[in-house]
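Q:
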Ligand SMILES: Nc1ncnc2c1ncn2[C@@H]1O[C@H](COP(=O)(O)OP(=O)(O)OP(=O)(O)O)[C@@H](O)[C@H]1O
Ligand SMILES: [Mg+2]
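Written as structure tokens, this is what we have:
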């Protein structure tokens, strides 16, 4: 495993003010290295999504900082941050958030379109990624015509089409049955993770723990434990 | 930038029911606004038709006149005063009034009679049949061959008829630039015959028409005429006075304004509402795009593009529908009063841009408010 790709130092986030203030995350420190698959696990409300959002540049922390390849994320302006997300980070959301009125292929192409890649070229490249996730023959269907697992794979194709270094998954298996969920994570680990990338997955799902290199345990906004899976040490 | 507009368009047009609702709303609003305003313009233009047809530069009239047909006779000294004003090239009297023509079957038909100054025939119409000199022949009248012509049983040169118990003979068929509003045929004759054939009060001059030597003489002429208690209006001022009368004194203008406003509000609510639902339905996807790395202004430009694209298509359809309707109506009803001007098209376009602006403003606000974090949390 390589050097650190993401570093979080003393991250803190709270919501509300005064009596109704909730500490969602406090004193969170961790790093993710190239080639690493890191899980964030913990009970509901423990701050997993909040932490993930802060390290991926979509939620500004109240304290601490995040560096991505040595650059301080939260000192960037909005546009710079958007560009960083576009170029370095791929997101897979729990509810997929695919546009129902676009075809599967067009959905995958969105990050490329945002990067101002020519339309035809964007579709051509997206087709390659649909092939990687095994959905080439579904390219011209609308996402609603696909099963949940297939939609999740479309979302993964969209996340990786721009070749980001960091992949962020929030509860990727929550709406899938156990077997499909396992297959997807296995697929991601084998086919997508390489020594230039890292993957951060937030999950409740203990059936997929075996694929993790590192597991961060969270409780009540704090990181309460770090477990390394030594079987995976290369 | 091109790619995101293509995405924007697909998002909208693939949602067929909303896209249709948006188009129908805007098309309908544009259709109604253009129809209303065109009908109003058409009516105004027709009500001012005599001013255009006679073609005088200055019209002298009683200040209470607000409409060519309701002229108030003036004493003879108005004409002589007008002739004596410095800067007047010439001044002539005009008779303008109504009469009854008795048709062969014994029924009566109202007509407008215009009596032209005997020595100059100033304001004479273009003849399509007959010779203008024949207007001086015994009982001679010219008839205007317009949409109302048939109401006199389509008389020909030589046809005799009875007008207010006098004999009349058609000596020519005339053509004028614009036809009048009131749906009655028009006869031309000389001033002197008009005032002898048609019973009138002590005063006989309906209007005095003045041609100034120079444009710069007009203010002086107007001042001098005002001194004897009458109005000297340029043709533009007279047209405006008539238009103002119909617009503000008859309730017609208010009705048209209300109808136009209602069309606008209906169009705005249909399309604003539909567009808003469209944005709401896709809001989480826009939020996901933000997370992926779309900048706020890119999302804003997508929304503006969607709303302006639909609005302009709707505008085109609405204008097309209105002009088709008016063309068909004119085929069936020759005197159908509707006239579309560039001002109307421009105004409707402006209203459509306002609709698009308001609709997209709501959408833009929603999209700018959405936090990717909220999408992430689900
Ligand atoms: N926008 C917000 N406003 C107020 N409180 C919030 C907000 N977002 C999160 N919280 C609170 O912060 C805490 C952590 O939330 P978070 O969503 O990070 O938990 P989680 O570990 O992802 O939970 P789950 O497993 O249910 O997704 C919770 O107590 C939550 O109620
Ligand atoms: Mg969560």
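Protein chains in written order, with the numbering used here: chain A, 11 to 244; chain B, 31 to 408.
Positions of the beta carbon are idealized from the N, C-alpha and C atoms, including for glycine.
Report buried or exposed for residue 301(B), applying the criterion of at least 16 other Cβ atoms within 10 angstroms of its Cβ.
A: Residue 301(B) is buried by the Cβ-count criterion.
Q: In terms of residue numbering, what span does the beta strand (DSSP E) encompassing residue 143(B) cover?
A: Run containing residue 143(B): 138-146, per the beta strand (DSSP E) assignment.
Q: Would you check if the stretch 226-237 of chain A and the stretch 24-39 of chain A touch, i.e. whether three or more CB-CB distances between them fall below 8 angstroms?
A: Enough Cβ pairs lie closer than 8 angstroms, so yes.
Q: Grouping DSSP H, G and I as helix and E and B as strand, with all else coil, what is residue 75(A)?
A: Strand at residue 75(A).
Q: Which chain A residues are close to residue 395(B), counting only those with a beta carbon under 7 angstroms from its beta carbon?
A: Chain A residues near residue 395(B): none, gap ~17 angstroms exceeds 7 angstroms.
Q: Check whether the Cβ of residue 58(A) lies closer than 6 angstroms to any heavy atom of ligand 2, and answer yes or no.
A: Correct: residue 58(A) has its Cβ closer than 6 angstroms to ligand 2.
Q: With H, G and I counted as helix, E and B as strand and the rest as coil, what does DSSP make of residue 261(B)?
A: Residue 261(B): strand per DSSP, three-state reduction.
Q: Would you mind giving the Cβ-Cβ distance between residue 236(A) and residue 58(A), rounded to the nearest angstrom? I have them listed as a contact below 8 angstroms.
A: That belief does not hold up - the Cβ atoms of residue 236(A) and residue 58(A) are roughly 14 angstroms apart, past 8 angstroms.
Q: Any chance you could list the alpha helix (DSSP H) runs of at least 4 consecutive residues sitting entirely within the stretch 137-202 of chain A, in chain order?
A: Runs of the alpha helix (DSSP H) inside the stretch 137-202 of chain A: 158-170, 188-197.
Q: In terms of residue numbering, what span does the alpha helix (DSSP H) encompassing residue 101(A) cover?
A: Note, residue 101(A): premise wrong, no alpha helix (DSSP H); beta strand (DSSP E) at 99-102.
Q: With hydrogens ignored, establish whether the beta-carbon of residue 25(A) is closer than 6 angstroms to any heavy atom of ligand 1.
A: Within the cutoff, so yes.
Q: For the candidate residues 177(B), 59(B), 254(B), whose alpha-carbon lies nearest to that of residue 347(B)?
A: With distances taken between Cα atoms, residue 347(B) lies closest to 59(B).
Q: So, is residue 284(B) buried or exposed, given that buried needs 16 or more other C-beta atoms within 10 angstroms?
A: Classification of residue 284(B): exposed, given that the 10 Å Cβ count is below 16.
Q: Could you work out which residue in 404(B), 337(B), 73(B) is closest to residue 55(B) when comparing CA atoms only?
A: Checked all of 404(B), 337(B), 73(B); the closest Cα to residue 55(B) is 337(B).
Q: Beta carbons nearer than 7 angstroms to chain B: which residues of the stretch 134-164 of chain A have them?
A: Listed by position, the residues of the stretch 134-164 of chain A near chain B (Cβ gap below 7 angstroms) amount to none.
Q: Relative to the C-alpha of residue 113(B), which candidate in 239(B), 224(B), 288(B), 96(B) has its C-alpha closest?
A: Closest option to residue 113(B), Cα to Cα, is 239(B).
Q: For residue 123(A), would you say it is in contact with chain B, using Cβ-to-Cβ distances shorter than 7 angstroms as the test?
A: Closer than 7 angstroms to some Cβ of chain B, the Cβ of residue 123(A) qualifies, so yes.
Q: For the stretch 70-95 of chain A, which residues have a beta carbon sitting closer than 7 angstroms to at least one beta carbon of chain B?
A: Against chain B - using a Cβ distance shorter than 7 angstroms - the residues of the stretch 70-95 of chain A are 89, 92, 93, 95.
Q: Do the stretch 82-99 of chain A and the stretch 188-205 of chain A touch if we need at least three Cβ pairs shorter than 8 angstroms?
A: With a cut-off of 8 angstroms, the stretch 188-205 of chain A and the stretch 82-99 of chain A do not count as touching, because too few Cβ pairs lie within range.
Q: Using beta carbons (cut-off 7 angstroms, strictly below), is residue 40(B) in contact with chain A?
A: At least one chain A Cβ lies under 7 angstroms of residue 40(B).
Q: Can you name the residues of chain B whose CB is closer than 7 angstroms to the CB of residue 107(A)?
A: What residue 107(A) touches in chain B: 314, 315, 318, 405.
Q: Which word fits residue 83(B), buried or exposed, when buried means at least 16 other C-beta atoms lie within 10 angstroms of its C-beta?
A: That one is buried.
Q: When you measure from the CB of residue 55(A) to every non-hydrogen atom of ligand 1, does any distance come out below 6 angstroms?
A: Residue 55(A): yes, Cβ under 6 angstroms from ligand 1.
Q: Excluding the five sequence neighbours on either side, which residues of its own chain have a C-beta within less than 8 angstroms of the C-beta of residue 194(A), listed in chain order?
A: Around residue 194(A): 159, 162, 163, 166, 182, 183, 186.
Q: Check each candidate in 132(A), 151(A), 83(A) and name the one with the smallest Cα separation from residue 15(A).
A: Checked all of 132(A), 151(A), 83(A); the closest Cα to residue 15(A) is 83(A).
Q: Is the beta carbon of residue 407(B) within less than 6 angstroms of some heavy atom of ligand 1?
A: Yes; taking the cut-off as 6 angstroms, the Cβ of residue 407(B) has a heavy atom of ligand 1 nearer than that.
Q: Taking only the alpha-carbon atoms, compute the straight-line gap between residue 193(B) and residue 272(B) and give it to the nearest angstrom.
A: So the two alpha carbons sit approximately 29 angstroms from each other.
Q: When you measure from the CB of residue 169(A) to every non-hydrogen atom of ligand 1, does any distance come out below 6 angstroms?
A: Checking every heavy atom of ligand 1 against the Cβ of residue 169(A), none is found closer than 6 angstroms.
Q: Tell me where the alpha helix (DSSP H) around residue 404(B) begins and ends.
A: Run containing residue 404(B): 402-407, per the alpha helix (DSSP H) assignment.
Q: Can you have a look at residue 144(B) and say buried or exposed, based on whether 16 or more other CB atoms are within 10 angstroms of its CB?
A: Counting Cβ neighbours within 10 Å, residue 144(B) comes out buried, since at least 16 surround it.
Q: If you draw a straight line from the C-alpha of residue 177(A) to the C-alpha of residue 98(A), how long is it?
A: Each residue's Cα considered, the two are about 9 angstroms apart.
Q: Hey, how far is the Cα of residue 122(A) from the Cα of residue 106(A)?
A: Whole-angstrom Cα-Cα distance: 18 angstroms.
Q: Suppose the cutoff is 6 angstroms on Cβ atoms and the five residues either side in sequence are ignored; what does the same chain contact list for residue 132(B) look like?
A: 138, 192, listed in sequence order.
Q: Cβ of residue 77(B) within 7 angstroms of Cβ of residue 345(B)?
A: No.
Q: Does the beta carbon of residue 37(B) come closer than 7 angstroms to any beta carbon on chain A?
A: Chain A, which has a Cβ nearer than 7 angstroms to the Cβ of residue 37(B), makes this yes.
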